[in-house]
Amino acid sequence: MNKSTLSEKNPMSHAESNYISHPTDDLVIDVHGLTKRYGKHTVVDHLNMQVRRGEISGFLGPNGSGKTTSLRMMCGLITPDAGTGTCFGYDILSQREAIKQRVGYMTQKFSYWEDLTVLENMEFVARMYSIPDRRRAIQQALRELGLESHQYQRTATLSGGWKQRLALAACLLRKTELLLLDEPTAAVDPQARREFWDELHRLASQGVTVLVSTHLMDEAERCHRLSYIAYGKLLAFGTAQQIIEQQKLITWSVRGSNLALLSERLKQEPCIQDAVIFGADLHVIGFDESQIHQTLEKYTKEQLCTIEHYMIIRTTVEDVFIYLMKKTHEASAPTGGKP
Amino acid sequence: MNRFRQSLSRILAIFMKETIQLRRDRVTFIMIISIPVFQLVLFGYVINNDPRHLPTAVLVGDESRFTRTILSSLRNSEYFDLTERFTSHESAETAMMRGDILFIITIPPNFSRDILRGETPSILVEADATDSVTVGGAIAALNQLPQQLALKDFEGILGQNNSGISSRLSSSAAPLTESSVHSSSSQPISFEVRVHRKYNPEVITQYNIVPGLIGVILTLTLVMLTALAITRERERGTMENLLSMPATPLETLYGKITPYILIGLLQVTFILVIAIPLFKIPFEGKLWELYLSAFLLILANLTVGVLISSVARSQLQAMQMTIFWFLPNILLTGFMFPIAGMPIWAQWISRIIPLTYFHHLMRGILLKGMTGAELWHDLWPILLFTTLTMFVAVRTYRRTLD
Numbered sequence: 001m002n003k004s005t006l007s008e009k010n011p012m013s014h015a016e017s018n019y020i021s022h023p024t025d026d027l028v029i030d031v032h033g034l035t036k037r038y039g040k041h042t043v044v045d046h047l048n049m050q051v052r053r054g055e056i057s058g059f060l061g062p063n064g065s066g067k068t069t070s071l072r073m074m075c076g077l078i079t080p081d082a083g084t085g086t087c088f089g090y091d092i093l094s095q096r097e098a099i100k101q102r103v104g105y106m107t108q109k110f111s112y113w114e115d116l117t118v119l120e121n122m123e124f125v126a127r128m129y130s131i132p133d134r135r136r137a138i139q140q141a142l143r144e145l146g147l148e149s150h151q152y153q154r155t156a157t158l159s160g161g162w163k164q165r166l167a168l169a170a171c172l173l174r175k176t177e178l179l180l181l182d183e184p185t186a187a188v189d190p191q192a193r194r195e196f197w198d199e200l201h202r203l204a205s206q207g208v209t210v211l212v213s214t215h216l217m218d219e220a221e222r223c224h225r226l227s228y229i230a231y232g233k234l235l236a237f238g239t240a241q242q243i244i245e246q247q248k249l250i251t252w253s254v255r256g257s258n259l260a261l262l263s264e265r266l267k268q269e270p271c272i273q274d275a276v277i278f279g280a281d282l283h284v285i286g287f288d289e290s291q292i293h294q295t296l297e298k299y300t301k302e303q304l305c306t307i308e309h310y311m312i313i314r315t316t317v318e319d320v321f322i323y324l325m326k327k328t329h330e331a332s333a334p335t336g337g338k339p
Numbered sequence: 001m002n003r004f005r006q007s008l009s010r011i012l013a014i015f016m017k018e019t020i021q022l023r024r025d026r027v028t029f030i031m032i033i034s035i036p037v038f039q040l041v042l043f044g045y046v047i048n049n050d051p052r053h054l055p056t057a058v059l060v061g062d063e064s065r066f067t068r069t070i071l072s073s074l075r076n077s078e079y080f081d082l083t084e085r086f087t088s089h090e091s092a093e094t095a096m097m098r099g100d101i102l103f104i105i106t107i108p109p110n111f112s113r114d115i116l117r118g119e120t121p122s123i124l125v126e127a128d129a130t131d132s133v134t135v136g137g138a139i140a141a142l143n144q145l146p147q148q149l150a151l152k153d154f155e156g157i158l159g160q161n162n163s164g165i166s167s168r169l170s171s172s173a174a175p176l177t178e179s180s181v182h183s184s185s186s187q188p189i190s191f192e193v194r195v196h197r198k199y200n201p202e203v204i205t206q207y208n209i210v211p212g213l214i215g216v217i218l219t220l221t222l223v224m225l226t227a228l229a230i231t232r233e234r235e236r237g238t239m240e241n242l243l244s245m246p247a248t249p250l251e252t253l254y255g256k257i258t259p260y261i262l263i264g265l266l267q268v269t270f271i272l273v274i275a276i277p278l279f280k281i282p283f284e285g286k287l288w289e290l291y292l293s294a295f296l297l298i299l300a301n302l303t304v305g306v307l308i309s310s311v312a313r314s315q316l317q318a319m320q321m322t323i324f325w326f327l328p329n330i331l332l333t334g335f336m337f338p339i340a341g342m343p344i345w346a347q348w349i350s351r352i353i354p355l356t357y358f359h360h361l362m363r364g365i366l367l368k369g370m371t372g373a374e375l376w377h378d379l380w381p382i383l384l385f386t387t388l389t390m391f392v393a394v395r396t397y398r399r400t401l402d
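Chains as they are written, first to last, in my numbering: chain A, 1 to 339; chain V, 1 to 402.
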């Protein structure tokens with residue numbers, strides 16, 4: 001397969017060590033050292049990423065972390081400044097048209113024509129991809145996503161959830177093998193979100209590969225594999241369990257008075273990586289169990305912010321990702337972070 | 001006082017925000033500066049309702065001192081540039097049909113002999129009256145011709161015979177003549193200048209305006225429609241979706257502009273259906289040739305629209321660029337002001353603009369019955385413009401979101 005190489009060398013990514021070797025034909029997306037800069041700002045910094053056939057791969061990261069730019073580079077909508085990569089074996093730089101034929105891309109902002117009806121939008125897509133037996137294919141896609149009763153409705157009048165279903169139906173219309181979904185659930189209610197994820201799993205069971213970007217951590221739990229990106233850098237890669245285990249973080253749930261002050265104080269402790277309030281609890285994260293235990297014990301006797309109760313709980317993906325993001329930020333800050 | 005200060009602070013905040021936004025929108029800023037400058041230059045230097053140096057052909061049937069004196073006098077009037085000399089009337093008419101010349105001056109055989117015999121020979125001046133404003137000043141100047149000649153030049157030639165030359169206007173003559181200028185004297189020495197306004201003998205303004213309006217309407221509507229159609233996709237975010245689909249730039253552009261070709265042709269039909277019976281505009285040429293010319297102008301306008309949309313980053317910018325394109329189209333193409341009266345540099349600009357040629361074509365097809373090869377003279381520049389603009393538009397069309 002033709003593979004063009006841009007000038008920059010590809011340094012080892014943070015998550016490089018997490019890569020598992022796969023046979024090439026099992027990889028739908030395989031990119032190395034993807035870099036994109038806007039002026040002096042590096043939006044994506046030497047991104048390495050692999051997506052395997054038939055998996056739901058979560059692309060996680062905070063807002064502005066470079067998820068959208070990465071997805072756009074993978075499907076040929078943006079030209080990377082450096083790096084190489086393939087999608088279905090097609091080079092992402094020189095074989096964009098071939099990639100577009102096989103990839104269903106769902107934009108972050110709804111990007112279908114609001115002055116057309118649902119059916120008219122679907123017919124447009126069907127014609128663009130020269131889908132045989134167009135009417136039957138459209139009706140089938142509409143039926144699968146429950147859009148049949150809305151087909152004559154102007155798209156502008158649909159709710160966020162239905163718009164998102166239309167976008168997905170348009171992707172499915174052409175029996176796409178890879179779905180690139182850019183924060184598809186950002187503007188929908190929890191019920192529609194749940195239904196959407198059920199639909200993604202149904203598609204994955206039929207062999208469709210899904211790469212879905214999100215900044216919602218609960219959605220991470222529903223992915224087969226995760227890539228976590230922050231500040232344009234890939235920080236973690238693997239299954240949720242693998243990522244949690246690799247970081248070896250211990251999380252304590254703490255209850256007490258004046259959690260805000262307690263959080264501030266605990267963050268100053270050298271053995272504690274982070275302290276985040278979750279409702280009535282404070283999650284305290286660190287590596288050394290005995291040191292943290294001693295520190296928390298000390299605060300049970302404090303006057304202004306007293307710990308009443310604490311216990312070790314399961315570390316979540318969110319805990320790990322917030323820790324990773326903070327660590328990367330501190331490492332890149334000129335003054336440096338906590339030792 | 002405190003409320004006043006708070007109000008002032010809010011006004012200042014909005015003022016500063018607007019100023020920053022305006023400063024960052026460079027295209028708007030450039031347009032704000034350049035449109036008034038452009039208008040000033042155009043209105044100040046270019047527009048001249050009394051154009052001089054109009055291209056004129058002469059058919060000389062009598063080479064004599066009288067002829068030379070008459071031609072010299074025409075030249076000296078500055079209205080006539082005697083650019084061509086023809087030997088046959090047919091070839092002179094073809095040149096006028098194409099729009100190469102605006103006047104044909106015919107000095108008949110035996111002109112000097114007839115003068116010397118005391119008869120009243122006629123000089124025939126045929127004027128292309130499809131643009132009556134352009135030729136109006138020159139025709140008026142012809143009134144003075146016999147008097148000037150009599151006083152200045154013929155006196156020298158016929159000194160002893162021309163002691164009391166006077167001039168007068170005669171309102172009628174041969175059937176071709178709408179107005180004639182008569183030079184006579186107490187002696188039997190005189191000649192007539194017969195003016196024939198071709199294609200629009202009654203000098204009906206609508207004959208000039210309505211054919212011109214077809215092109216102006218097509219330009220005003222189609223450039224803007226196409227320019228906005230593509231920038232709208234970008235502003236609404238649908239362009240990202242469109243670019244993710246497997247359509248080449250040419251496919252996208254063809255698909256985008258084809259509906260507007262049909263709209264343009266429909267507009268032409270509406271204008272013809274309304275204007276011809278309402279203003280009694282003659283239709284001397286062929287309908288399919290008119291539609292062919294309109295089709296080419298529509299294509300030219302649509303490619304300009306596509307080019308604007310490739311450069312503009314928002315619908316507002318596209319609108320501003322469209323207005324910038326309208327200005328020379330209205331002012332420099334001969335629709336409102338005669339091209340012949342413009343300075344040379346402005347005439348060169350007018351030669352780049354397709355609407356200039358389309359005005360020729362419409363006046364030619366509707367009023368003159370221009371047909372066949374005569375059309376090609378004005379069709380190929382439009383075709384060339386369209387091809388070049390389309391090439392640049394496709395090259396600048398953004399295939400990615402970079």
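No residue lacks a Cβ here, since even glycine has one placed at the ideal position from N, Cα and C.
Since the structure is predicted, the reported quantities are computational estimates derived from the model, not experimental observations.
1) I'd like the list of long-range same chain contacts for residue 394 of chain V, defined as Cβ closer than 7 Å, with 5 residues on each side in sequence excluded.
2) Going straight from the alpha carbon of residue 5 of chain V to that of residue 17 of chain V, what length do you get?
3) Would you call the region 365-378 of chain V in contact with the region 81-98 of chain V, where contact means no fewer than 3 C-beta pairs closer than 8 Å?
4) Are residue 271 of chain A and residue 292 of chain A close, meaning C-beta to C-beta below 8 Å?
5) For the region 261-345 of chain V, which segments carrying the beta strand (DSSP E) assignment without a break, of at least 3 residues, lie completely within its bounds, in sequence order?
6) For residue 400 of chain V, which residues in chain A fall below 9 Å Cβ to Cβ?
7) If you drop the 5 nearest sequence neighbours on each side, which residues of the same chain put their C-beta closer than 8 Å to that of residue 28 of chain V?
8) From residue 3 of chain V to residue 253 of chain A, what distance separates their C-alpha atoms?
9) Are residue 141 of chain A and residue 114 of chain A closer than 8 Å when you measure CB to CB?
10) Mind checking the region 246-259 of chain V against chain A and listing, in chain order, the residues whose C-beta falls within less than 8 Å of any C-beta there?
11) Could you check what DSSP says for residue 185 of chain A in three-state terms: helix, strand or coil?
12) Cα separation between residue 325 of chain V and residue 38 of chain V?
13) To the nearest whole angstrom, what separates the beta carbons of residue 31 of chain A and residue 85 of chain A, a pair I think is in contact under 8 Å?
14) Whose Cβ in chain V lies nearer than 8 Å to the Cβ of residue 128 of chain A?
15) From which residue to which residue does the alpha helix (DSSP H) around residue 376 of chain V run?
16) Looking at the C-beta of residue 179 of chain V, does it have a partner C-beta in chain A at a distance below 8 Å?
17) Please check the pair residue 323 of chain V and residue 35 of chain V, which I expect to be a contact at CB under 8 Å, by giving their CB distance rounded to whole angstroms.
18) Within 8 Å (strictly less), CB to CB, does residue 101 of chain A reach chain V?
19) Assign residue 22 of chain A to one of three DSSP states: helix, strand, or coil.
20) Determine whether the beta carbon atoms of residue 225 of chain A and residue 238 of chain A lie at a separation below 8 Å.
21) Can you tell me which residues form a DSSP beta bridge with residue 86 of chain A?
22) Would residue 136 of chain V pass as a contact of residue 359 of chain V if the rule is Cβ separation under 8 Å?
23) If we define contact as Cβ-Cβ less than 8 Å, is residue 240 of chain V a contact residue for chain A?
24) Which whole runs of the alpha helix (DSSP H) in the region 265-329 of chain A are 4 residues long or more, in chain order?
25) Assuming residue 203 of chain V and residue 129 of chain V are in contact, meaning their beta carbons sit under 8 Å apart, how far apart are those beta carbons, in whole angstroms?
26) May I ask you to check if the CB of residue 245 of chain A is nearer than 7 Å to at least one heavy atom of the ligand SAH?
27) Output the distance between the C-alpha atoms of residue 164 of chain A and residue 36 of chain A, rounded to the nearest integer angstrom.
28) Enumerate in chain order the residues of its own chain whose CB-to-CB distance from residue 12 of chain V is below 7 Å, with the five nearest sequence positions on each side excluded.
29) Chain V partners of residue 109 of chain A, CB-CB under 7 Å?
30) Quick check: what's the CA-CA separation for residue 387 of chain V versus residue 334 of chain V?
31) According to a CB-to-CB cut-off of less than 9 Å, which residues of the region 303-320 of chain A neighbour chain V?
32) For residue 345 of chain V, is the classification buried or exposed, using 16 other Cβ atoms within 10 angstroms of its Cβ as the cut-off for buried?
Straight from the coordinates:
1) 249, 250 and 253
2) 18 Å
3) yes
4) yes
5) none
6) 72, 76, 77, 78, 79 and 96
7) 22, 316, 317 and 320.
8) 50 Å
9) no
10) 246, 247 and 248
11) coil
12) 11 Å
13) 3 Å
14) 245, 246 and 247
15) Run containing residue 376 of chain V: 373-396, per the alpha helix (DSSP H) assignment.
16) For residue 179 of chain V, the predicted model reports a pLDDT of 42, less than 50, meaning its position is unreliable and no value from the coordinates is stated.
17) 7 Å
18) Chain V, which has a Cβ nearer than 8 Å to the Cβ of residue 101 of chain A, makes this yes.
19) Reliability fails at residue 22 of chain A, whose pLDDT of 45 lies under 50, so the model's placement of it is uncertain and no value is given.
20) The Cβ atoms of residue 225 of chain A and residue 238 of chain A lie closer than 8 Å to each other.
21) A/30 and A/91
22) Result no, Cβ atoms of residue 136 of chain V and residue 359 of chain V do not sit closer than 8 Å.
23) yes
24) Counting only runs of 4 or more, we get 289-299.
25) 6 Å
26) The ligand SAH is not among the ligands present in this structure, which contains no ligands whatsoever.
27) 28 Å
28) none
29) Ordered by position in chain V, the residues that pass the 7 Å Cβ test against residue 109 of chain A are 237.
30) Computed Cα separation, rounded: 23 Å.
31) Listed by position, the residues of the region 303-320 of chain A near chain V (Cβ gap below 9 Å) amount to none.
32) exposed
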